[in-house]
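**Q**
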Amino acid sequence: MTFLDIYQDVARRCDKNPSAPDPETNTRIRTFINDRYRELMRIPGVMNLRDEVFGNNYADSPAFRSVPGENRVVLPATITAITDILDTTNRIKLQLRTLDWIRERDSSQPGVSTGTPTCYAILNNAGTTDALPINGVAIGQLVVVSDHPQDIGGVVTLEYQDEYGAFRAQQATLNGETVNVMVALARTVFRMSVDSPQLGRITLKEMASGNVLITIPPNTITAQTSNLHTSRGWTIWLWPTPSGAFDYNVDGTRPRAALVNEMDEPALPEDFHTLLVWGACEDEMLHMDDTRMGVFSERWRRDVAALKGYLHQVRGQRLIPEGGRQRPGWSPLGSNYPPWT
């Protein structure tokens with residue numbers, strides 16, 4: 001079912017006109033559908049539908065690459081939850097530890113212990129707050145320039161994430177209206193600042209396209225936050241400190257895309273698309289103080305349980321009684337080999 005199909009089904013069941021609803025009802029029902037979709041896709045067992053392997057063992061596209069001597073890594077914002085991290089260079093599955101566990105073994109910063117990381121700790125989920133994705137991937141050179149010829153000597157600092165997830169900071173000195181190259185490769189820009197107020201407007205641009213990414217107004221020292229977009233990513237700490245550039249895959253969860261366009265379809269098995277109908281109908285009946293709400297509530301509860309069973313039922317095995325006590329047991333060997341023999 002498409003987003004439009006689900007919407008029209010909800011409208012009909014709630015005694016609305018599916019073809020020409022009033023704007024308020026239209027917005028409310030579409031919000032209810034997405035609210036239930038969001039609720040459904042974070043339920044344990046159902047959330048697995050969003051699982052993905054980020055990175056590729058067979059191509060030069062790791063989820064991230066370690067930088068020698070640097071512990072801290074920001075994962076791509078497309079990873080909303082971490083299941084496993086695998087070092088594909090050394091064929092090691094990293095163990096999840098706490099930062100306290102790491103500090104007990106290496107209390108200095110940066111860490112004295114270097115080598116091939118075997119563990120990682122999760123620091124936060126705000127590694128790229130107030131960040132500006134640059135086309136979503138590594139690109140060509142960035143340049144900084146002032147539009148005032150007397151802006152000479154000011155030092156501009158750019159903080160960014162490189163193509164493999166490592167934090168970087170680079171500086172450029174203003175020289176009038178001369179273009180200054182700042183960085184060759186960047187995936188995400190966090191912030192830009194200048195050490196002292198300048199007379200002109202300072203801009204950060206993509207050299208290839210000329211697109212303006214960040215602007216520092218005259219007589220200020222930091223970029224306007226309105227120029228930036230919020231993009232969050234998991235920040236992790238590798239231990240021991242990487243001694244080389246190692247490639248990593250991440251088994252994790254991708255973001256849930258909201259249903260926006262009429263032809264969008266939910267990332268659910270097709271037989272269970274009606275779950276969103278039951279959930280949105282329940283919310284609309286609650287809004288209307290309609291006693292039919294309980295009917296749709298029971299359908300939602302029943303089909304959520306059925307979806308979990310559908311996703312996790314073991315295929316190719318036969319359910320048989322165990323020892324005549326009517327308790328279910330599993331055997332893949334056929335009726336001549338009960339599980340108690």
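Here the sequence shown is numbered in our numbering, starting from 1 and rising by one per residue. Here a beta-carbon is modelled for each residue, glycine too, at the ideal position from N, C-alpha and C. Just so we're clear, the structure is a prediction, and the values are computed from it rather than from any experiment.
#1: Could you tell me the boundaries of the alpha helix (DSSP H) in which V304 lies?
#2: Using 8 Å as the threshold, is the region 82-95 in touch with the region 277-290, meaning 3 or more CB pairs across them?
#3: On the DSSP bridge assignment, give the partners of Y7 in chain order.
#4: Cα separation between R30 and Y7?
#5: Counting only the same chain and skipping the five closest in sequence on each side, list residues whose C-beta sits under 8 Å from that of I221.
#6: Could you compute how far the alpha carbon of M285 sits from the alpha carbon of F296?
#7: At what residue ranges does the region 221-270 contain a whole run of the beta strand (DSSP E), taking only runs of 3 or more?
#8: Over the uninterrupted alpha helix (DSSP H) stretch that includes R105, give me the two end residues.
#9: Give the secondary structure of T203 by DSSP, where H, G and I count as helix, E and B as strand, and everything else as coil.
#10: Helix, strand or coil: how does DSSP classify I122 here?
#11: Considering only residues of the same chain and omitting the five flanking positions on each side of K308, which have a CB-CB separation below 6 Å?
#12: So what does DSSP say about V46, is it helix, strand or coil?
#13: What does the alpha-carbon distance come out to for the pair N90 and V73?
#14: Suppose contacts are defined by Cβ-Cβ distances below 8 Å. Is T253 in contact with A81 by that definition?
#15: One question on the structure: do V189 and L158 come within less than 8 Å of each other, judged by their Cβ atoms?
#16: Which same chain residues, not among the five before or five after A121, have their C-beta less than 8 Å away from its C-beta?
#17: Quick one: is P62 buried, meaning 16 or more other Cβ sit within 10 Å of its Cβ, or exposed?
#18: Does DSSP classify A280 as helix, strand or coil?
#19: Once DSSP output is grouped into helix, strand and coil, what is the label at E177?
#20: Could you say which of G153, V143 and P18 lies nearest to N211 if we only look at CA atoms?
#21: When we look at the beta-carbon of N219 and count the other beta-carbons within 10 Å, is it buried (16 or more) or exposed?
#22: Would you decide whether G115 is buried or exposed? Buried here means 16 or more other CB atoms lie within 10 Å of its CB.
#23: Drop a sphere of 10 angstroms on the beta-carbon of M182, count the other beta-carbons inside from all chains shown, and report buried for 16 or more, exposed for fewer.
#24: Is it the case that the Cβ atoms of L4 and L275 are separated by a distance below 8 Å?
#25: How big is the Cα-Cα spacing for V250 and D290?
#26: Under 8 Å by Cβ, that's how I've got A258 and N34 pegged, so tell me the actual separation to the nearest angstrom.
#27: Which partner residues does S146 have in the DSSP bridge list?
#28: Comparing C-alpha positions only, which one of R28, G233, A306 and R105 sits nearest to P255?
#29: Would you grab the beta carbon distance between P242 and E70 for me? Rounded to a whole angstrom, and I think it's under 8 Å.
#30: If you count every other CB in all the chains shown that lies within 10 Å of the CB of G294, and 16 or more means buried, which is it?
#31: For my contact list, D147 and R201 are in at a C-beta cut-off of 8 Å; report their separation, rounded to the angstrom.
#32: Do the CB positions of P117 and D87 come within less than 8 Å of each other?
**A** In short, the structure shows the following:
#1: Sequence index remark: in the sequence shown, residue 304 carries index 304 (1-based). Here the alpha helix (DSSP H) through V304 covers M293 to H312.
#2: Put simply, the region 82-95 does not touch the region 277-290. Fewer than three CB pairs are less than 8 Å apart.
#3: Position 7 of the sequence shown, counting from 1, holds the residue named residue 7. Per DSSP, none; premise fails for Y7.
#4: Within the sequence shown, numbered from 1, the residue matching residue 30 stands at position 30. Within the sequence shown, numbered from 1, the residue matching residue 7 stands at position 7. One alpha carbon belongs to R30, the other to Y7, and they sit about 7 Å apart.
#5: Mapped onto the sequence shown, residue 221 falls at position 221. The beta carbon of I221 is closer than 8 Å to those of S193, V194, D195, S196 and P197 in its chain, skipping five residues each way along the sequence.
#6: As a position in the sequence shown, residue 285 is number 285, starting the count at 1. As a position in the sequence shown, residue 296 is number 296, starting the count at 1. When rounded, the distance between both Cα atoms is 9 Å.
#7: For the region 221-270, whole beta strand (DSSP E) runs of length 3 or above, ordered along the chain, are 235-239 and 247-253.
#8: For the purposes of this step, residue 105 is taken as the residue at position 105 of the sequence shown. For R105, the enclosing alpha helix (DSSP H) starts and ends at L99 to R105.
#9: Residue mapping note: residue 203 aligns to position 203 of the sequence shown, counting from 1. Looking at T203 - three-state DSSP - the assignment turns out to be strand.
#10: Translated into positions along the sequence shown, residue 122 becomes position 122. Of the three classes helix, strand and coil, the one that applies to I122 here is strand, per DSSP.
#11: What you label residue 308 is simply residue 308 of the sequence shown in a count that begins at 1. Correct list, in chain order: G45.
#12: Here residue 46 refers to the residue found at position 46 of the sequence shown. Here V46 carries a coil assignment [DSSP, helix/strand/coil].
#13: Here residue 90 corresponds to residue number 90 of the sequence shown, with the count starting at 1. Here residue 73 corresponds to residue number 73 of the sequence shown, with the count starting at 1. Distance between the alpha carbons of N90 and V73: 18 Å.
#14: As a first step, residue 253 is located in the sequence shown; it is residue number 253 there, counting from the start. As a first step, residue 81 is located in the sequence shown; it is residue number 81 there, counting from the start. Cβ distance < 8 Å, so T253 and A81 count as in contact.
#15: Position 189 of the sequence shown, counting from 1, holds the residue named residue 189. Position 158 of the sequence shown, counting from 1, holds the residue named residue 158. Note that the C-beta distance between V189 and L158 is below 8 Å.
#16: In the sequence shown, counting from the first residue as 1, residue 121 sits at position 121. L96, R97, T98, L99, W101, I102, I236, W237 and W239, listed in sequence order.
#17: As a position in the sequence shown, residue 62 is number 62, starting the count at 1. The residue in question, P62, is buried, as its Cβ has 16 or more Cβ neighbours within 10 Å.
#18: Start at 1 with the first residue of the sequence shown, and residue 280 comes out as number 280. Here A280 sits in helix by DSSP.
#19: Taking the sequence shown and counting its residues from 1, one reaches residue 177 at position 177. Coil, per DSSP.
#20: As a position in the sequence shown, residue 211 is number 211, starting the count at 1. Cα-wise, what sits closest to N211 is V143.
#21: Along the sequence shown, one-based indexing puts residue 219 at 219. Exposed, by the Cβ-count rule.
#22: Counting from 1 along the sequence shown, the entry for residue 115 is found at position 115. With fewer than 16 other CB atoms across the displayed protein chains lying within 10 angstroms of its CB, G115 is exposed.
#23: Position 182 of the sequence shown, counted from the first residue, corresponds to residue 182. With 16 or more neighbouring CB atoms inside 10 Å of its own CB, M182 falls in the buried class.
#24: As a first step, residue 4 is located in the sequence shown; it is residue number 4 there, counting from the start. As a first step, residue 275 is located in the sequence shown; it is residue number 275 there, counting from the start. Against a cut-off of 8 Å, the Cβ pair of L275 and L4 comes out as no contact.
#25: For the purposes of this step, residue 250 is taken as residue 250 along the sequence shown, with counting starting at 1. For the purposes of this step, residue 290 is taken as residue 290 along the sequence shown, with counting starting at 1. Each residue's CA atom was taken as its position, placing V250 and D290 some 47 Å apart.
#26: Locating residue 258 in the sequence shown gives position 258, counting from the first residue. Locating residue 34 in the sequence shown gives position 34, counting from the first residue. A Cβ-Cβ separation of about 5 Å places A258 in contact with N34 under the 8 Å criterion.
#27: For the purposes of this step, residue 146 is taken as residue 146 along the sequence shown, with counting starting at 1. Answer by DSSP bridge pairing, in chain order: I202.
#28: The residue you call residue 255 lines up with position 255 of the sequence shown. Answer by Cα proximity: G233.
#29: In the sequence shown, the residue the question calls residue 242 occupies position 242. In the sequence shown, the residue the question calls residue 70 occupies position 70. Your pair P242 and E70 checks out as a contact, with CB atoms roughly 7 Å apart and the cut at 8 Å.
#30: Within the sequence shown, the letter at position 294 stands for residue 294. When all chains shown are included, G294 counts as exposed.
#31: Along the sequence shown, read from residue 1 onward, the residue named residue 147 stands at position 147. Along the sequence shown, read from residue 1 onward, the residue named residue 201 stands at position 201. With a contact defined as Cβ atoms closer than 8 Å, D147 and R201 qualify at about 5 Å.
#32: Taking the first residue of the sequence shown as position 1, residue 117 is located at position 117. Taking the first residue of the sequence shown as position 1, residue 87 is located at position 87. Going by C-beta atoms, P117 is nearer than 8 Å to D87.
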